[in-house]
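There are 2 protein chains.
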Amino acid sequence: MLASVCRALLTCVPLLWFAGEAAGMPDPAQRELLMLEEALTQTGGKVVLTAAEQKLDARLRQLKEKEMLGAWFPPAVHFFKARALIQRSPIFKLLQRMPKGGALHVHSSALVGVEWLVKNATYRPNCYICFTWDNSVRFLFSQQQPFPRWDCFYWQLLETLRAKIGDPTGFDNSLMQHLTLFTEDPDSEYPNQDVVWEKFEKAFIAAAGLITHAPVLKDYLYRGLLELQRDNVMYLELRSGLSRTYELDGTIHEKVWALKIFQEVTQRFTKDFPDFLGARIIIAASRALGVSEVKAAVKEAIQLQKDFPDIVVGFDMVGREDSGRTLWDLREALSLPADLGAMLPFFFHAGETDDEGNDVDQNVIDALLFNTKRIGHGYALAHHPLARDMSRQRNVAVELCPVSNQVLKLVSDLRNHPAAVLMSEGHPMVISSDDPALFGTTGLSYDFYEAFVGIGGLKANLGTLKELAVNSLRFSSLPEPLKDKAYAMWQKKWEAFISEHS
Amino acid sequence: MLASVCRALLTCVPLLWFAGEAAGMPDPAQRELLMLEEALTQTGGKVVLTAAEQKLDARLRQLKEKEMLGAWFPPAVHFFKARALIQRSPIFKLLQRMPKGGALHVHSSALVGVEWLVKNATYRPNCYICFTWDNSVRFLFSQQQPFPRWDCFYWQLLETLRAKIGDPTGFDNSLMQHLTLFTEDPDSEYPNQDVVWEKFEKAFIAAAGLITHAPVLKDYLYRGLLELQRDNVMYLELRSGLSRTYELDGTIHEKVWALKIFQEVTQRFTKDFPDFLGARIIIAASRALGVSEVKAAVKEAIQLQKDFPDIVVGFDMVGREDSGRTLWDLREALSLPADLGAMLPFFFHAGETDDEGNDVDQNVIDALLFNTKRIGHGYALAHHPLARDMSRQRNVAVELCPVSNQVLKLVSDLRNHPAAVLMSEGHPMVISSDDPALFGTTGLSYDFYEAFVGIGGLKANLGTLKELAVNSLRFSSLPEPLKDKAYAMWQKKWEAFISEHS
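Going down the list, the protein sequences come from chains S and X.
Under my numbering, the first residue of the first sequence carries the number 25, and numbering increases by one thereafter.
Under my numbering, the first residue of the second sequence carries the number 25, and numbering increases by one thereafter.
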């Protein structure tokens, strides 16, 4: 028979199974062992829980079982519909209180909730607004009436417009709609990935005029750290393109200014909140750029990292993978640091796609070949067996952003997220929020909820949460002494959390 | 630093990566090798294609790339909306012509398209219909007006009713609606798994009165084989509970009668179509039954297998896993064959669920511990690393039924089907259709399309298709000599297919 298979396929695979027959009752002890071994393999499976932790763990499991029996299981529902359910969840409330370590995958343009942007930034004097032909908005702070631009002809002073319209709440809500993807009816508004990405990119452009105004930027960054700190996050690695910023009189600041502001705000914030460790920047360039532009961006990043070694930690390519250049397209630019003998760690987005076997899908392999320190999303990694092994052996953590992946329509029911496979294998992993403002989240608790309840299912336990939190420090770019400090700070918070909730 | 991690997690994982720095340009040859090695690992990756096959393979890849650029990518869309798109696909047309081997996971009650049931069976004389209070129907062939039943009070002769209504096409379409899940608007009709399963079970009950009528059953089985043969399938392993059947005069035939009919029809069919190898039965019991009832079913199956060794090949538990008994619940019944020293191979459904970590999710482990020969669906297998390894090492193939999994709402976009992970690892796998009548498919081509285009993506090639087809013989229950015959028959068909299409 074997010969026939070989003939048929021109390859030989031995067949063993039809020799055996129906087995008798499996040995319950052996069965237990098997299930235990699987449990040990998963993320956090080897974490030994204290008695107090075990108590909290049992409570979490009960709560999770209850949540699974509800009419709507939140992780199976689009986040925009599930958010209200999640907010009422006792598991979510516990996760909000839990010290979650660091947020390692957040984009600077979507760091702060849109409520703050509208209620604070747009209420400042000299804020102008302009409606574009494609139903978007632009903002600009200016001492005088701004000049018309190619995309925007008629600028109005927001203060005047708001007064004229007379319904500030309604008006402000409509402004928020321009700055976020959040909507009550995501399925009809965003029928596919193309539509949701179009709105996504529009919202970034709309926010830019507010965020790149120098005085707003300072407050924005402080506010961003505050939202994380309030969610019991203690550290941030922010992806940022370091835009140029502007003053009211039209003065333009170069990128370095934004870096200095970032440093200054972080220092002020950690002084105000000594339980917050700090924040650092991964410089991001758009994958829509050409090779020579990326080369320039890489060189600039090398220089900025030399000049700000405590703040600039590395480099990434950002933007929609399915429509941008692949890492391999950009290989000449990305090999520059090594060619120049420079230090520039990479933290590449890779595999944020549903497509299999095309050039974009190969980004996960190239990210690893370029020695990336972590993989942003790595949604495609699960079906790359070799890359998956490489990533695990080298301890290259996947930055899992469940809410983002669902909202950007990679997956609808989060129980089908491929990270379920990675978690079951104990693949190195951290949880992050990607673009909280765009998705209507704040901090990391929503993403922890989806990962813990939806992706991990009943198998994920308090050990999983603990490992995910510790991972966010372990896989951070922090130098050793700071890492030690971070662990110690986190450990203290964790013990307090446990004694408070067990 | 390591000490701190260990303190924090009470476990130790060494960290290696921060030693290395940004790599230079990856060696293109090494990169190619890596990608090649991944390609070799996938299902069919090691199949060596002839020149003619390579030509067809290149064409298939071109067609697939084109299909991926369309406004709607069929595997990402609910099958009920995608079916018309798929029917127009040149890939689908090729798959229809392709010799696909055997169908190893099909349920007898949903073997034949509902069009035949309505246009043929319900047009026979003496067919009565009754509408139930819960908007379902019952059929019954009877010489006289049937008695009212608990679920059905008023029986009408179908012929009379159809004439009275006057719109036979509209009426017949409404009958079909009762017998299939197919609908134009699946998202609103089936908002969740519970609703779709309820309709699913209703449709089975509705069809029963037709199919269990002895004269219909004979034609039904023949028609079922014909639909497979027309789709270039050459063998069938049918899951069947072997219902008792009835004659017009009320005579009831026991299960053995149905087995004999099955044997007789199969023999007649293979005489009429000598390119069709045959059909065999996996006896199925409902997981809604209690342990003692399952014990009786197992004993009965053992006896039937002794009496019909060429027809009865094994045993399975069927019905919705999420609401039925687990294999472990039924362990006393399932260990009976071994206890009695009997031969009764198992072909268990296991892991047809989205839930993780609950008792149902453990079915995949228990199926393997009970030495199952194949795993029906195995949707949950991908996140069971140990069970996955066991399954692969023992060559226990997963019976992948993509259309079924999508329609029964385990996954919406088939690119997210966990079998993508299994395929990337070359996990033993066959493709089947589960319940073609319920899903509006016929043969295996729709499921092959979804697996090849959606789950496999661009990575899946003609080698994948070839291995999947050969797998359906290799992992069948056929004894060695018949397997050899099957390979030879298939090989001849395959060569003809290739020479016709390359």
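C-beta atoms are modelled at their ideal positions from N, C-alpha and C, and glycine is treated no differently.
Note that the coordinates shown come from a computational prediction; the quantities given were computed from them, not determined experimentally.
Residue i, enclosing alpha helix (DSSP H) - first and last residue
i, result
"S:VAL315", "315-331"
"X:SER198", "192-203"
"X:MET49", "Premise fails: X:MET49 is in no alpha helix (DSSP H) and is neither H nor E."
"S:SER448", "443-448"
"S:ARG439", "Segment: none, S:ARG439 is in no alpha helix (DSSP H) and carries neither H nor E."
"S:TRP140", "138-143"
"S:ALA362", "360-363"
When the options are compared against residue i, the one with the closest alpha-carbon
i, options, result
"S:ILE307", "S:ALA47, S:SER264, S:PRO298", "S:SER264"
"S:PRO452", "S:VAL494, S:LEU434, S:PRO52, S:ALA421", "S:ALA421"
"S:VAL136", "S:HIS373, S:THR204, S:PHE370, S:LYS483", "S:THR204"
"X:PHE370", "X:PRO361, X:GLU376, X:THR377", "X:PRO361"
"S:ASN495", "S:LEU482, S:GLY478, S:TRP514, S:ILE479", "S:TRP514"
"S:ALA404", "S:ASP379, S:SER415, S:THR350, S:PHE394", "S:ASP379"
"X:GLU345", "X:SER359, X:ASN419, X:ALA309", "X:ALA309"
"X:LEU462", "X:GLU261, X:VAL101, X:LEU432", "X:LEU432"
"X:PHE177", "X:LEU164, X:LYS516, X:ILE189, X:GLU271", "X:LEU164"
"X:GLY126", "X:ILE305, X:HIS408, X:TRP96", "X:ILE305"
"X:LEU262", "X:TYR246, X:LYS70, X:GLY274", "X:TYR246"
"S:ARG418", "S:ARG398, S:MET258, S:LEU57", "S:ARG398"
"S:ASP51", "X:ASP390, X:GLU524, X:GLU208", "X:ASP390"
"X:CYS425", "X:ALA100, X:LEU468, X:GLY348", "X:LEU468"
"S:PRO503", "S:PHE372, S:ILE335, S:ARG55", "S:ILE335"
"S:TRP518", "S:ALA76, S:ALA134, S:ARG439, S:GLY69", "S:ALA76"
"X:GLU376", "X:VAL322, X:SER347, X:GLY480, X:TYR470", "X:SER347"
"S:GLU91", "S:THR488, S:GLY478, S:ARG349", "S:GLY478"
"S:THR236", "S:ASP458, S:ASP508, S:ASP340, S:SER166", "S:SER166"
"S:THR67", "S:SER526, S:THR488, S:ARG83, S:PHE155", "S:THR488"
"X:ASP413", "S:LYS490, S:ASN150, S:GLU449, S:ALA282", "S:GLU449"
Span of the beta strand (DSSP E) around residue i
i, result
"S:SER160", "Run containing S:SER160: none; DSSP gives neither H nor E here."
"S:PHE300", "It is not in any beta strand (DSSP E) - S:PHE300 carries neither H nor E in the DSSP assignment."
"X:SER264", "259-264"
"S:PHE476", "Counting along the chain, S:PHE476 falls outside any beta strand (DSSP E), and DSSP gives it neither H nor E."
"X:VAL130", "126-131"
"S:ASP340", "336-342"
Beta-bridge pairing of residue i - partner residues as DSSP gives them
i, result
"X:CYS425", "Bridge partners of X:CYS425: none, in fact."
"S:SER523", "DSSP lists no partner for S:SER523."
"S:VAL454", "S:GLU423"
"X:SER500", "In the DSSP output, where bridge partners are listed per residue, X:SER500 has none listed."
"X:ALA309", "X:MET341"
"S:THR269", "S:HIS277"
"X:ILE153", "X:PHE163, X:GLN180"
DSSP-derived helix/strand/coil call for residue i
i, result
"S:ALA75", "helix"
"X:ARG173", "strand"
"X:GLU183", "helix"
"S:LEU492", "helix"
"X:VAL431", "helix"
"S:ASP346", "coil"
"S:PHE165", "strand"
"X:THR65", "helix"
"S:PHE97", "coil"
"X:ASP508", "helix"
"S:LYS88", "helix"
"X:PRO123", "coil"
"X:ALA461", "helix"
"X:ASP353", "coil"
"S:LYS105", "helix"
"S:LYS517", "helix"
Residue i CB to nearest heavy atom of the ligand NAP below 6 Å
i, result
"X:ARG418", "This structure simply doesn't include the ligand NAP, nor any ligand for that matter."
Legend entry - Minimum length 4: unbroken alpha helix (DSSP H) runs contained in the stretch 367-424 of chain X: 387-393, 409-417
Inset, instruction - Write down every uninterrupted run of the alpha helix (DSSP H) in the stretch 206-259 of chain X whose length is 4 residues or greater and which is fully enclosed by it, in chain order. - result: 210-213, 217-235, 238-254
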